[in-house]
Amino acid sequence: MARPGLRLTEQFPLTAIPTDTVKAVKEAGLVEKIDYRPSRERELLERAKPLDGDEQQWVLKISDDQKQLQEPAFKTLPRDRQALIVDAAYRLGRYRANGLERDSARSQRSFELLRAINQNPAPDLKITPPGLPENGHQSRTWQAGVGTRGDKAFGEYGLRMAYHDLNDNAEGFPLGAQIEILQMKLRQYEGNHWQLQQLDLATIRSLTPRNALLQPWSWQVTGGLERVPGKHDDETLVAHVNGGAGGTWQLSDDMLGFALGTVRVEHNNDFSEAISPAAGFNTGVLWKNPLGNLSLEAKGDFFTNGEVRRSISLNQQWELSRNLGLRLSAQREYSHLSTPVNEVMLEVKWYHY
């Protein structure tokens, strides 16, 4: 039923992303209730959470071969542990079969596991719904900071059209997820020297932890303009596209560790060639702590022309309110073209549409 009198689109004179429209619909009173339906992956992970390493190995074996149910070593396990293992094995099979054509052998395994579940059922799953993105910070971000690079002081001003990075206010967002669209940063050095510091078209990072049952790839991709260490200890504006893939691991309930191999293509006026490729790495730790999200990262790019560029950075976000954050950033950069340089910045982030 249409209600044109609500004029919801007038709230978005320029842009909107799906979360903005969901939020507008809820605020207009069009949502009576929300029913949470967990994904098959979430159900599997919740069921497997109380299982130890040996029990998860049983899940893998039984999911591949239902005859493992008759193994004496499995039958000696307590019945409540057997129930959890078989239920997890069934859910793993369903997860793997998602999107595949029907297979008679797979169907037979599922039938045998369902029969075992019926004879020894596991407790019902109770999954707490995660925070909703529309209850998190607003999608557009205004940024202002002060800092030093080497012996030079600067002010930095930025606007991001959307949406969220690894350190932003965490409510409503999974740890390790980042998507940013159209971000620009201007920097003003002493002496009223202005320069374009960064212009990102898009940045996406997906750091999904691996475990004994699921082995997802973590990946990232970004492209745009950015400043890098250049000749004469100056900063050179370069055009680049880079991406990477690797793994992420759950170090604790609120901490992820990740390691990715990366590739980069760059146009840099300090280089003789028009296009310069590089291979490298990006590794680090992401920690959701009482103040906010903290990240510690090390990066390296090894260019085919001999240039080597490395950096180590630390970022800590203080969540002052739902739509206000304070971030401390510190990094040290190394390059064959310049001497090592330190940069420290304190930045206010105002999430506002």
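Numbering-wise (my numbering), the sequence shown opens with residue 345 and increments by one.
Where a beta carbon is used, it is the ideal one built from N, C-alpha and C, also for glycine.
Since the structure is predicted, the reported quantities are computational estimates derived from the model, not experimental observations.
A buried status is given to Thr-592, since no fewer than 16 other beta-carbon atoms sit within 10 Å of its beta-carbon. Beta-bridge annotation (DSSP): Ser-562 is paired with Gly-590.
Contact annotation: the region 509 to 520 touches the region 636 to 646, with at least three C-beta pairs closer than 8 angstroms. Between Gln-426 and Asn-464, the C-beta gap is smaller than 8 angstroms, which places the two residues in contact. Between His-576 and Glu-610, the gap from beta carbon to beta carbon reaches 8 angstroms or more. Judged by DSSP in its simplified three-state form, Pro-474 adopts coil rather than helix or strand.
Approximately 7 angstroms separates the beta-carbon atoms of Trp-694 and Thr-485; this is inside 8 angstroms, confirming the contact. Per DSSP, reduced to three states, the secondary structure at Ser-620 is strand. Gly-574 and Arg-381 have their C-alpha atoms spaced approximately 51 angstroms apart. In this structure, the alpha-carbon of Asn-613 lies about 22 angstroms from that of Tyr-533. In this structure, Leu-640 lies near Val-629, with their beta-carbon atoms less than 8 angstroms apart.
Here Pro-573 is bridged, per DSSP, to Glu-579. Bounds of the beta strand (DSSP E) holding Ala-506 are 496 to 508. The beta carbon of Val-688 sits closer than 6 angstroms to the beta carbons of Gly-491, Thr-492, Ala-674 from its chain, once the five residues preceding and following it are set aside; these are given in chain order. Secondary structure within the region 357 to 403: not one fully enclosed beta strand (DSSP E) run of 3 or more consecutive residues is present. For the 8 angstroms CB-CB criterion, Glu-456 and Gln-412 do not form a contact. When only Cα atoms are considered, Gly-650 and Glu-354 end up about 53 angstroms apart. With fewer than 16 other Cβ atoms from the protein chains shown falling within 10 Å of its own Cβ, Asp-379 counts as exposed. Leaving aside the five residues that flank Leu-681 on each side, the residues in its chain whose CB is nearer than 7 angstroms to its CB run, in chain order, Pro-573, Gly-574, Lys-575, Asp-614, Glu-651. Contact annotation: Phe-602 and Leu-551 have beta-carbon atoms nearer than 8 angstroms. Here the alpha carbons of Ala-521 and Tyr-697 stand approximately 21 angstroms from one another. Contact between the region 434 to 444 and the region 417 to 425 is absent: fewer than 3 CB-CB pairs across the two stretches fall below 8 angstroms. As the crow flies, the alpha-carbon of Tyr-501 is around 30 angstroms from that of Pro-621. A direct Cα-Cα distance of roughly 28 angstroms separates Arg-438 from Asp-598.
If only uninterrupted alpha helix (DSSP H) runs of at least 4 residues are considered, those enclosed by the region 429 to 470 are 448 to 463.
Across the structure, Ala-372 and Thr-472 are spaced so that their CA atoms are roughly 26 angstroms apart. Beyond the five residues adjoining it in sequence on each side, Val-607 comes within less than 6 angstroms, by CB distance, of Ala-623 in the same chain, given in chain order.
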